[in-house]
Amino acid sequence: SEWFGSTLFEQVHPDDVDKLREQLSTSENSMTGRILDLKTGTVKKEGQQSSMRMCMGSRRSFICRMRCGSAPLDHISLNRLSSMRKRYRNGLGPSKEGEAQYSVVHCTGYIKAWPPAGMTIPDEDTEAGQTSKYCLVAIGRLQVTSSPVSMDMNGLSVPTEFLSRHNSDGIITFVDPRCINVIGYQPQDLLGKDILEFCHPEDQSHLRESFQQVVKLKGQVLSVMYRFRMKNREWMLIRTSSFTFQNPYSDEI
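In terms of the UniProt record's numbering, the sequence shown opens at residue 1 and continues consecutively.
Here's what the structure looks like:
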């Protein structure tokens, strides 16, 4: 309800308004920034790919800072999302009294026609000259910050875990910077690689079966232990807790 009657521009950090305006635009000339390729983990110039992008379902993927709400978290069911929000609420550092707090959010979605075919909007619901033919449908995920003031998920000063995201083939599409202190690799060393490449040969079949099983569990958390090859070529026994997320637009996992 805190968002009702306001624009999305009012909910993001002032320094991110221009970025958001670019992402909401359907004009090809406005697509001159840079985008994150989620499949390879690389940042590419967007001006050279804007036409292709519009033909691929007008997808959007961007990171911005969003204003934190005032709802008391103690009265919200502590599921995975609310727990992460509570832990990373101050991920951008302490704010001064009276200033708004912001969390880093990774938004993925697409631009679609609005209103849908066959649907009309009453005249009183639109302002003259202000009607839009498009809308943004997106999902926001809390992004783990790499700020020096942020703490590990266990509340320790030295990271003992990190987050990663994989596609349905097990290819790493995202990994947060804490992996540097845990396993020695830079994020770019892992992006685009199959997780099995770092798994001990004797544990690969077990990890592969677990990966296939978690896809079938549809959001349930599955934990598995296996030996992971660190940057120094030594083996570390790690526990991975994983779950799947299905994009409601593309059905991709």
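Backbone N, C-alpha and C define an ideal beta-carbon position, used for all residues, glycine too. Keep in mind it's a predicted model, so treat the numbers as computed, not measured.
* Let me know the secondary structure DSSP gives Val224 once reduced to three states. => strand
* Asked: Do Ile183 and Met225 come within 8 Å of each other at the CB atom, strictly closer than that value?
  -> no
* **Neighbour-count burial assignment, Asp15, 16 or more Cβ in a 10 Å radius** => exposed
* Asked: Which value, in whole angstroms, describes the spacing of the CA atoms of Leu8 and Glu99?
  -> 18 Å
* Asked: In the DSSP assignment, what residue or residues form a beta bridge with Ala113?
  -> Tyr134
* To do: State the DSSP-derived secondary structure class of Phe162, mapped to helix, strand or coil.
  => coil
* To do: Assign Arg239 to one of two classes, buried (16 or more other C-beta atoms within 10 Å of its C-beta) or exposed (fewer than that).
  => exposed
* Can you check DSSP and say which residues form a bridge with Cys64? => Val105
* Which of helix, strand or coil DSSP assigns to Phe245 -> coil
* Asked: What's the gap between the Cα of Trp3 and the Cα of Gln11?
  -> 8 Å
* Exposed or buried, which one is Tyr113 when buried takes at least 16 other CB atoms within 10 Å? -> In the sequence on display, residue 113 carries Ala and not Tyr. Result: exposed.
* Asked: In its own chain, which residues sit with a C-beta less than 7 Å from the C-beta of Pro187, not counting the 5 before and 5 after it?
  -> Val175, Pro177, Cys179
* To do: Would you mind working out which of Pro159, Lys216, His200 sits nearest Arg229, comparing C-alpha positions?
  => His200
* To do: Quick one: using the 10 Å Cβ neighbour count with 16 as the cut-off for buried, is residue 341 buried or exposed?
  => Because the chain in this structure spans residues 1 to 253, residue 341 falls outside the shown range and cannot be described.
* Going by other Cβ atoms of all chains shown within 10 Å of its Cβ, with 16 needed for buried, is Ile195 buried or exposed? -> buried
* Between the C-alpha atoms of Leu207 and Gly69, what's the straight-line distance to the nearest angstrom? -> 39 Å
* For Asp169, which three-state DSSP category applies? -> coil
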